[in-house]
Structures are given as C-alpha cells and as structure tokens.
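Residue numbers (this note's numbering): -13 to 188. Here's the structure, in structure tokens; my notes come after.
Shown next as structure tokens:
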C-alpha cells in the first residue's frame, strides 16, 4: 500500500549509491544474492533468539534489495536479473516467519503456518496477474521500473518489512501479529483475484 508513496523518496538516494556500485564493477545479481544472504543470516539469528542482530540484518538485506534495481538500471536490466530478484525475495519472505516458528514452535507454530499460507496464496495471485498482464503487453511504472508487472495491494513490501521489524522488536507478539497480518494478506489476495476477473475475464 505504501510502496508507491515511498518510491519518490527512496529511489533518488538508491540510484546514487547504486550508480557508485555499478561504476566500481559490482553487478546487480551480486547485490541481489548479497541481500538474500543477509536475509538468510537474519533468519538464522532469529532461530537462535538474537533478535537485535536479526533486525539489523533484515534492514541491510532490504537495502541490498533496493540497490540491486538501481545497479541494474545503470548496467541495463535483464530478464534473468528480474527473475533472480523475485525468487530471492520470496525465499527471504518465507525464511523470516519460518525462523520465528522454529524458534518457538509451541507459541508461533499455527499462526506462522497460517501466515506462510497467506504469503503463498498472495504470491500466486501476484505472479499469476503479472503473467497475464505480460501476455496483454500491459505496462506500469507505479512501483518503479520492474522486470514484471506489479499490481498494487493492501499489503506490499513495505508493510511486510514493517511486520518483520515488529516481530524482532516484540517477539512475544509474533503469533498475534501473524494472525492479523495473515487476514489482511488473504484480503489482498482476494482483491487481486477480483481485479483479475474484471480485467482478464473476457
């Protein structure tokens, strides 16, 4: 929901820093994989209960996730780069809730499983919409220049990162936050299905 509103503020500094990385010879794919590695390290920190370290690693991971696009725009975007980026994002988004489940399965197990299911369904509606939009040559730059079509939703990347930050700050509330976020995530998925019906049914 807030991704589009934040983009005018975060893109300029990311483009500057990404340009410096690109000039120094760093590839966009290397930045993507670095961000994924940091995210998986955050999940490991969560599993062992070092939440302050996990928080820092999550923020560093998402910084890299923003920088890879800036580097790619400097070098020239590729289809594989976009593919690697979205695959890495989905692994990160699954690893963090899973780590909280593994850290305290008795408390977080059911809520975490429901949250991951909502991510799965929401991701399917997002990617399915993108495939159909590509077939119809639909284009949008509302979320920046992307390799795939991005549809807006109630919950997007900004809200999910805010959830993960809240998890790290208040680990005792992971289950309650997961239930609430999962409900909103299912709503987002359903609204995207309705939108797809209106746009693609004929």
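All C-beta atoms in this analysis are idealised placements derived from N, C-alpha and C, irrespective of residue type, glycine included.
Query, Result
"Own chain residues within Cβ distance below 7 Å of residue 47, not counting five before or after", "21, 24, 25, 28, 78"
"Between the CA atoms of residue 51 and residue 57 - distance to the nearest angstrom", "10 Å"
"Alpha carbon of residue 187 to alpha carbon of residue 177, nearest angstrom", "15 Å"
"Residue 110 versus residue 49 - alpha carbon distance", "25 Å"
"Residue from 61, 7, 158, 150 with nearest C-alpha to residue 93", "158"
"Stretch-stretch touch, CB-based, cutoff 8 Å, three pairs: the stretch 61 to 73 with the stretch 87 to 105", "no"
"First through last residue of the alpha helix (DSSP H) which encompasses residue 144", "143 to 155"
"Inter-residue spacing [alpha-carbon to alpha-carbon] between residue 162 and residue 115", "30 Å"
"Residue from 149, 4, 146, 44 with nearest C-alpha to residue 55", "4"
"Beta-carbon spacing of residue 151, residue 43 below 8 Å", "no"
"Residue 102 in three-state terms, based on DSSP", "helix"
"Spatial distance of residue 107 from residue 167 (CA atoms)", "13 Å"
"C-beta atoms of residue 83 and residue 101 nearer than 8 Å", "yes"
"Cα-Cα separation, residue 185 to residue 119", "9 Å"
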